[in-house]
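Student: The structure that follows is given in the form of structure tokens.
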């Protein structure tokens with residue numbers, strides 16, 4: 260994440276305002292990552308930091324040209340993805356971490372809006388990055404709350420960092 264922050268600061272972006280918003284988002288992502296890595300359970304603070312990260316990404320996407328058709332298409336993909344993965348995660352949360360159900364629903368709603376806004380930029384790089392990031396979080400939640408996934412940490416972290424890298428690269432496109 261530090262490397263991505265450094266790259267975002269170093270590149271010549273299409274929009275300086277978007278770069279500033281993305282650097283803040285990446286910093287919040289780093290904070291979220293630290294919360295999720297610590298030995299004690301700081302999932303909720305990590306979730307909140309990631310939620311605010313998405314708000315900054317949304318703001319960054321909105322400083323660019325916006326296309327409602329692309330926004331709607333990306334929103335549809337994100338909503339269909341949520342329909343596929345969220346119900347088992349919510350069932351598992353209700354059984355073992357009921358206090359996280361509402362925060363996770365709010366988080367997912369904001370994340371869907373972030374993916375839709377990435378699509379609204381008409382940047383395939385931004386949309387691919389947002390979707391990889393989105394799916395990495397679904398994998399994280401599944402691995403943590405539903406059922407362990409073989410090599411779950413790697414299966415989670417690779418799309419996460421690829422997604423973040425594509426979001427940063429979208430600054431120059």
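Residue numbers (my numbering): 260 to 432. Where a beta carbon is used, it is the ideal one built from N, C-alpha and C, also for glycine.
1. Provide the residue span of the alpha helix (DSSP H) that contains residue 393, from first to last.
2. For the alpha helix (DSSP H) that residue 407 lies in, which residues bound it at each end?
3. Is the CB-CB distance between residue 382 and residue 419 below 8 Å?
4. Measure the CB-CB distance between residue 431 and residue 270 and report whether it falls below 8 Å.
5. Could you give the DSSP three-state label for residue 292: helix, strand or coil?
6. Inspect the CB distances between the stretch 376-390 and the stretch 329-348 and report whether three or more fall short of 8 Å.
7. Can you tell me the Cα-Cα spacing of residue 373 and residue 333, whole angstroms?
8. Under a Cβ-count criterion, where at least 16 other Cβ atoms within 10 Å of its own Cβ denotes burial, should residue 410 be classed as buried or exposed?
9. Anyone know if the C-beta pair for residue 308 and residue 285 falls short of 8 Å?
10. For residue 295, which residues in the same chain have their Cβ closer than 6 Å to its Cβ, ignoring the five residues on either side in sequence?
11. Taking a contact to mean a Cβ-Cβ separation below 8 Å, would you say residue 314 touches residue 345 in this structure?
12. Taking the alpha carbon of residue 353 as the reference point, which residue from 341, 404, 273 has its own alpha carbon closest?
Tutor: Taking the structure as given:
1. Here residue 393 refers to the residue found at position 134 of the chain shown. First-last of the alpha helix (DSSP H) with residue 393: 383-400.
2. Position 148 of the chain shown holds residue 407. It is not in any alpha helix (DSSP H) - residue 407 carries neither H nor E in the DSSP assignment.
3. Counting from one through the chain shown, the residue named residue 382 turns up at place 123. Counting from one through the chain shown, the residue named residue 419 turns up at place 160. No.
4. Here the question's residue 431 lines up with position 172 in the chain shown. Here the question's residue 270 lines up with position 11 in the chain shown. Yes, the pair counts as a contact, with Cβ atoms nearer than the cut-off.
5. Translated into the one-based positions of the chain shown, residue 292 becomes position 33. Helix, per DSSP.
6. yes
7. Start at 1 with the first residue of the chain shown, and residue 373 comes out as number 114. Start at 1 with the first residue of the chain shown, and residue 333 comes out as number 74. If you take the alpha carbons of residue 373 and residue 333, they lie about 10 Å apart.
8. By one-based count along the chain shown, residue 410 stands at place 151. Exposed: under 16 other Cβ atoms inside 10 Å.
9. Position 49 of the chain shown, counting from 1, holds the residue named residue 308. Position 26 of the chain shown, counting from 1, holds the residue named residue 285. Against a cut-off of 8 Å, the Cβ pair of residue 285 and residue 308 comes out as no contact.
10. Here residue 295 corresponds to residue number 36 of the chain shown, with the count starting at 1. Taken in chain order, the residues that qualify are 305.
11. On the chain shown, position 55 is the one that residue 314 refers to. On the chain shown, position 86 is the one that residue 345 refers to. Result no, Cβ atoms of residue 314 and residue 345 do not sit closer than 8 Å.
12. Mapped onto the chain shown, residue 353 falls at position 94. It is 404 whose Cα lies nearest to the Cα of residue 353.
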